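Novice: In terms of the UniProt record's numbering, the sequence shown opens at residue 1 and continues consecutively. Ideal Cβ placement from N, Cα and C applies to all residues, glycine included. Please read these numbers as outputs of a predicted model, since none were measured by experiment. I'd like to ask you about the structure that follows.
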Amino acid sequence: MKKHDYAQYCVGCGLCGAKCGQKMQKTDKGYLVHANEMPDKCVEFCDEYCPASQNSINKLNTSSVWGYYEKVHIGYSSDREIRNNASSGGVLSALAIYLLDKGLIDAVIHTGKDEKLPYNTMTKISVTKQDVMKNCGSRYAISHSLLDMWEFVEPGKKYCYIGKPCDVTALKNFLEKNEMLSEQFPYIFSFFCAGMPSTQANLELLAKLNCKEECIDLTYRGNGWPGFATAVDRNGNEHQLDYVTAWGGILGRDINRFCRFCLDGIGERADISCGDAWYLLPDGNPDFTEHEGRNIVFTRNAKGNTLLQDAVRDGYIIIEPIDDVDNYLKQMQKYQFVRRSTMSVKLLACRMFGMNIPYSSKGVVKELAKHASISDKYKIFKGTIKRILTKKI
Ligand SMILES: Cc1cc2nc3c(=O)[nH]c(=O)nc-3n(C[C@H](O)[C@H](O)[C@H](O)COP(=O)(O)OP(=O)(O)OC[C@H]3O[C@@H](n4cnc5c(N)ncnc54)[C@H](O)[C@@H]3O)c2cc1C
Ligand code: SF4
Ligand code: SF4
């Protein structure tokens, strides 16, 4: 990717800021991205490590539309409190707690709420079960743990890192070139991600919740599955909005630009990656009504697979088999399936309008396109043109 493309497609993971001294700046929407001036050494750094780089795209696996995986299960935490409070079934938190309990790591580095400004996030370090539970749940807000997590990393200690797929890509790229540091991160987990909503979208959510000026707490889901977006005002009153309206109607409509071009919203580079394991309605669409939480759990290498099996054996996690897995995944995670498999036509539409595209439409993109139906391709092609014309992309 050429120099100016990083400016258009920076997703703000923060790695070049932390490890190459790249200056960062806030956009109007609240994203922290690299400043306009990018010295040559940082361009080279990003060519190697940035999640938006061609190098990162080339590392994706096209053996299936879901990338490489050893096993895929439905799963959930056996601890009712974790299962209820977490984003889906609490598998990520349960695994992190398992690693701490067994002494396999010293701490978990992940993302939680900024207590002072609940629609902001903070990078957190968790060393106990209580810490992990405090930071469980999805935060549909801007996060950039690779910028500031390094202050937590002490020599000789071992960590589990949990982050968005793009964060994990950048971290894995970096660790692959830094063997000693790599040994300090024996476990890396990720989750399915459809996009990072802006601060502006969060303020819109609070306005809709009628809690804009006086919000002292904000959760986006959880306390059930999917649970409600819940803001608490200064007087302790709760303001709620259902998940479909909060995500589909507000947050998911205003995401970082690169998210629209993200080929890895499924955590391919992690040891274990989880998403929602929605039940299906008779018409084949996901059922977003309340149930007990469940994850879809992909073990993406032998290490991740062994860890999951051990956590199941020791009673931390319960797993269930999946019938007709290909069809189930395709229906239940339709957005991820379509985004990955139709990227070729999205890029084509952009090129037709003279836009710079973030990466090549050949190779990985072409391979993934084999999974898409003609009707999906047509819909996305038409939709992309509409977005370009209305300046929404
Ligand atoms: C921005 C975003 C987009 C998502 N898009 C999808 C999607 O398209 N499809 C889907 O199935 N699920 C999506 N999810 C939800 C998530 O993938 C699932 O809930 C997943 O199954 C994790 O569930 P869990 O119960 O195991 O997680 P938990 O046990 O609750 O653990 C969640 C972990 O994620 C970390 N985390 C939370 N928010 C952030 C953040 N903003 N940045 C970095 N780390 C964070 C927490 O620190 C915690 O360690 C999204 C979540 C987020 C934050
Ligand atoms: S490495 Fe991260 S912060 Fe730097 S340009 Fe890429 S996405 Fe942006
Ligand atoms: S959609 Fe992709 S690029 Fe955007 S935040 Fe999620 S993982 Fe990162």
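Quick one: is Pro155 buried, meaning 16 or more other Cβ sit within 10 Å of its Cβ, or exposed?
Specialist: In the sequence shown, counting from the first residue as 1, residue 155 sits at position 155. Label assigned to Pro155: exposed.
Novice: Relative to the C-alpha of Val91, which residue among Glu183, Tyr316 and Lys330 is closest?
Specialist: Along the sequence shown, read from residue 1 onward, the residue named residue 91 stands at position 91. Minimum Cα distance to Val91 is reached at Tyr316.
Novice: When DSSP labels each residue in this structure, what does Gly224 get in the three-state scheme?
Specialist: The count along the sequence shown starts at 1 and reaches residue 224 at position 224. It is coil, neither helix nor strand.
Novice: Take Gly291 as the anchor and find which of Tyr359, Thr299, Arg80 and Asn61 has the nearest alpha-carbon.
Specialist: If you number the sequence shown from 1, residue 291 lands on position 291. One point to set straight first is that residue 291 is His, not Gly, in the sequence displayed. It is Arg80.
Novice: Excluding the five sequence neighbours on either side, which residues of its own chain have a C-beta within less than 7 Å of the C-beta of Arg83, listed in chain order?
Specialist: As a working note, residue 83 is residue 83 in the sequence shown. Tyr76, Ser77, Gly89, Gly90, Glu292 and Gly293, listed in sequence order.
Novice: Determine the burial state of Val168: buried for a count of at least 16 other Cβ atoms within 10 Å of its Cβ, exposed for fewer.
Specialist: Working through the sequence shown from its first residue, we reach residue 168 at position 168. Buried, by the Cβ-count rule.
Novice: Does chain C have any CB closer than 8 Å to the CB of Ile142?
Specialist: In the displayed structure, chain C is absent; only one protein chain is listed.
Novice: Compute the minimum distance between the beta carbon of residue 428 and the heavy atoms of ligand 2, and state whether it is under 7 Å.
Specialist: Residue 428 lies beyond the residue range present for the chain, which begins at 1 and ends at 393; the question has no answer from this structure.
Novice: Could you round the C-beta distance between residue 409 and Tyr159 to whole angstroms and report it? I think they count as a contact, below 8 Å.
Specialist: Outside the displayed range of the chain (1 to 393) lies residue 409, so it cannot be described from this structure.
Novice: In terms of residues, what are the limits of the alpha helix (DSSP H) holding Met133?
Specialist: Residue 133 sits at position 133 when you count from the first residue of the sequence shown. Per DSSP, Met133 belongs to the alpha helix (DSSP H) from Lys129 to Lys134.
Novice: Determine, using beta carbons only, whether Leu146 and Ala52 come nearer to each other than 8 Å.
Specialist: For the purposes of this step, residue 146 is taken as the residue at position 146 of the sequence shown. For the purposes of this step, residue 52 is taken as the residue at position 52 of the sequence shown. No; because the gap between Cβ atoms is not below 8 Å, this pair is not in contact.
Novice: For Ser138, which of Phe152, Lys129, Gly195 and Thr128 has the nearest alpha-carbon?
Specialist: One-based indexing of the sequence shown puts residue 138 at position 138. The option with the nearest alpha carbon to Ser138 is Gly195.
Novice: Alpha carbon to alpha carbon, how far is Cys46 from Cys16?
Specialist: Translated into the one-based positions of the sequence shown, residue 46 becomes position 46. Translated into the one-based positions of the sequence shown, residue 16 becomes position 16. C-alpha separation (whole angstroms): 7 Å.
Novice: Compute the distance between the beta-carbons of Ser273 and Arg234, then report whether it is under 8 Å.
Specialist: Numbered from its first residue, the sequence shown carries residue 273 at position 273. Numbered from its first residue, the sequence shown carries residue 234 at position 234. Not closer than 8 Å, so no.
Novice: Give the DSSP-derived three-state secondary structure of Pro282 in the structure shown.
Specialist: Along the sequence shown, read from residue 1 onward, the residue named residue 282 stands at position 282. Of the three classes helix, strand and coil, the one that applies to Pro282 here is coil, per DSSP.
Novice: Between Lys370 and Lys377, what straight-line distance do the alpha-carbon atoms span, to the nearest angstrom?
Specialist: Translated into the one-based positions of the sequence shown, residue 370 becomes position 370. Translated into the one-based positions of the sequence shown, residue 377 becomes position 377. Taking the straight line from one Cα to the other gives about 11 Å.
Novice: Am I right that Ala246 and Tyr220 are in contact with their C-beta atoms under 8 Å? What's the rounded C-beta distance?
Specialist: The residue given as residue 246 occupies position 246 in the sequence shown. The residue given as residue 220 occupies position 220 in the sequence shown. Sure, about 7 Å apart at Cβ, within 8 Å.
Novice: Output the distance between the C-alpha atoms of Glu70 and Ala207, rounded to the nearest integer angstrom.
Specialist: As a first step, residue 70 is located in the sequence shown; it is residue number 70 there, counting from the start. As a first step, residue 207 is located in the sequence shown; it is residue number 207 there, counting from the start. Whole-angstrom Cα-Cα distance: 44 Å.
Novice: Quick check on Lys23: does DSSP put it in helix, strand or coil?
Specialist: Indexing the sequence shown from 1 puts residue 23 at position 23. Coil, per DSSP.
Novice: Please say whether Ile296 and Val72 have beta carbons closer to each other than 8 Å?
Specialist: Walking along the sequence shown from the start, residue 72 turns up at place 72. Walking along the sequence shown from the start, residue 296 turns up at place 296. Yes, the pair counts as a contact, with Cβ atoms nearer than the cut-off.
Novice: In the DSSP assignment, find the alpha helix (DSSP H) that holds Ile380 and state where it starts and stops.
Specialist: The sequence position of residue 380 within the sequence shown is 380, counting from 1. Here the alpha helix (DSSP H) through Ile380 covers Ile374 to Leu389.
Novice: Would a C-beta distance cut-off of 8 Å place Asn58 and Val365 closer than the cut-off?
Specialist: Position 58 of the sequence shown holds residue 58. Position 365 of the sequence shown holds residue 365. No, Cβ-Cβ distance for Asn58 and Val365 is not below 8 Å.
Novice: Hey, could you find the ends of the alpha helix (DSSP H) Asp40 is sitting in?
Specialist: Numbered from 1 along the sequence shown, position 40 holds the residue referred to as residue 40. Asp40 to Tyr49 is the extent of the alpha helix (DSSP H) around Asp40.
Novice: At a cut of 8 Å, does the region 119 to 134 reach the region 303 to 315 through at least three beta carbon pairs?
Specialist: At 8 Å Cβ cutoff, the stretches do not touch.
Novice: Residues in its own chain within less than 6 Å of Cys350 by CB, not counting five upstream and five downstream?
Specialist: Within the sequence shown, numbered from 1, the residue matching residue 350 stands at position 350. Contacts found: Ile357.
Novice: Less than 8 Å separating the beta-carbons of Ser87 and Gly224?
Specialist: The residue labelled residue 87 in the question sits at position 87 within the sequence shown. The residue labelled residue 224 in the question sits at position 224 within the sequence shown. For Ser87 and Gly224, no; Cβs fall outside 8 Å.
Novice: Less than 7 Å between C-beta atoms, sequence neighbours within five positions excluded: which residues of the same chain meet that for residue 400?
Specialist: Since the first residue of the chain shown is 1 and the last is 393, residue 400 is not available in this structure.
Novice: Beta-carbon within less than 8 Å of Phe337's beta-carbon, same chain only, minus the 5 sequence neighbours each way: which residues are those?
Specialist: Looking up residue 337 in the sequence shown gives position 337. Same-chain partners within the cutoff: Val65, Leu329, Lys330 and His371.
Novice: According to DSSP, which residues form a beta bridge with Val11?
Specialist: On the sequence shown, position 11 is the one that residue 11 refers to. The partner list for Val11 (beta bridge, DSSP) is empty, contrary to what the question assumes.
Novice: Any heavy atom of ligand 2 inside 7 Å of the beta-carbon of His371?
Specialist: Reading the sequence shown from its first residue, position 371 is the one you call residue 371. His371 Cβ: outside cutoff for every heavy atom of ligand 2.
Novice: If you count every other CB in all the chains shown that lies within 10 Å of the CB of Ile374, and 16 or more means buried, which is it?
Specialist: Locating residue 374 in the sequence shown gives position 374, counting from the first residue. It is exposed - the Cβ of Ile374 has fewer than 16 other Cβ atoms within 10 Å.
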